[in-house]
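As you go down the protein sequences, you meet chains U and X in turn.
Just so you know, we're using our numbering here: the first sequence kicks off at 29 and counts up by one.
Just so you know, we're using our numbering here: the second sequence kicks off at 16 and counts up by one.
What follows is a set of notes on a single structure, which appears directly below.
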Amino acid sequence: GAVVSQHPSRVICKSGTSVKIECRSLDFQATTMFWYRQFPKKSLMLMATSNEGSKATYEQGVEKDKFLINHASLTLSTLTVTSAHPEDSSFYICSARDWSRTEAFFGQGTRLTVV
Amino acid sequence: GQNIDQPTEMTATEGAIVQINCTYQTSGFNGLFWYQQHAGEAPTFLSYNVLDGLEEKGRFSSFLSRSKGYSYLLLKELQMKDSASYLCAVRDQGTDSWGKLQFGAGTQVVVTP
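And the structure:
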């Protein structure tokens, strides 16, 4: 199946700093990528839809100035958590859509811990 | 938006069968997915239903009834490695004809020896 690589898998940062998470589609072009957030034992919450070459579409309640999304190429989308706070600690997962396939493919996830 | 409901947890013994139900209420429907997620890992795709009926794929089968807003995932011949969370996800009628996935809270399946 199609491969989506997410990096880093784990990151610990200090409050007030920014963290960038990368999501790459390795063997297909992804015009659309999705960013999710998952709390322990909870389901995935869609944060935003990232479209190559245009602005991301954020879900209600998600601060776009807090969670910056850039999708500059057909194989890379980045999520930057700005001025991170402990409540931003979570598991962040990206998924990418391959137009030739029905399902979206997920990256490995990033465990963010803000201390 | 969607309301997606599935049981929180189910326990079954190795070799048995387990059925995970999912009900949804949606303003638009463009397919239902089942994903498996092991703790701390990303979800992996299991099945997709867009028309009514049963889709079988090895030990896993998925059923959909659009009129009832209902789906189930059937896991047969359970193995210990099947212990995981199973996520029901509905794709809405997105403006780009593909839409986005909204996930249920997941059903934790515990397989015991």
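Where is the CB? At the ideal position from N, CA and C, for every residue including glycine.
- Excluding residues up to 5 positions away in sequence, Ile40, Ser117 lie with their Cβ nearer than 7 angstroms to the Cβ of Thr141(U) in the same chain.
- A Cβ of chain U is located within less than 7 angstroms of the beta carbon of Ala120(X).
- At a cut-off of 7 angstroms between C-beta atoms, Phe75(X) does not count as an interface residue with respect to chain U.
- Nearest Cα to Thr23(X) within the set Thr127(X), Val126(X), Lys72(X), Thr122(X): Thr122(X).
- Proximity of chain U to Leu102(X) at the Cβ level (cut-off 9 angstroms) is accounted for by Ser71, Leu72, in chain order.
- Met95(X) has no beta-bridge partner at all, per DSSP.
- Note on geometry: alpha-carbon atoms of Gly135(U) and Thr59(X) lie some 10 angstroms from one another.
- Comparing C-alpha distances from Glu29(X) to each of Leu47(X), Lys96(X), Gln52(X) shows the shortest one belongs to Lys96(X).
- As a beta-bridge residue in DSSP terms, Ala104(X) pairs with Phe48(X), Phe118(X).
- By the Cβ rule, the region 113-128 of chain U counts as touching the region 55-66 of chain U, because three or more pairs are nearer than 8 angstroms.
- Judged by DSSP in its simplified three-state form, Glu115(U) adopts helix.
- From the beta-carbon of Gln117(X), the residues of chain U found nearer than 7 angstroms are Leu74.
- Going by beta carbons, Leu66(X) and Ser76(X) fall outside the 7 angstroms limit.
- In chain order, Leu47, Glu70, Ser77, Leu79 place their CB closer than 6 angstroms to the CB of Asn64(X), counting only its own chain and leaving out the 5 sequence neighbours on each side.
- With a threshold of 16 other beta carbon atoms within 10 Å, Ser78(U) meets it and is buried.
- Our two residues, His113(U) and Ala31(X), have alpha carbons roughly 45 angstroms apart in a direct line.
- Leu61(X) sits in a strand when the DSSP states are folded into three classes.
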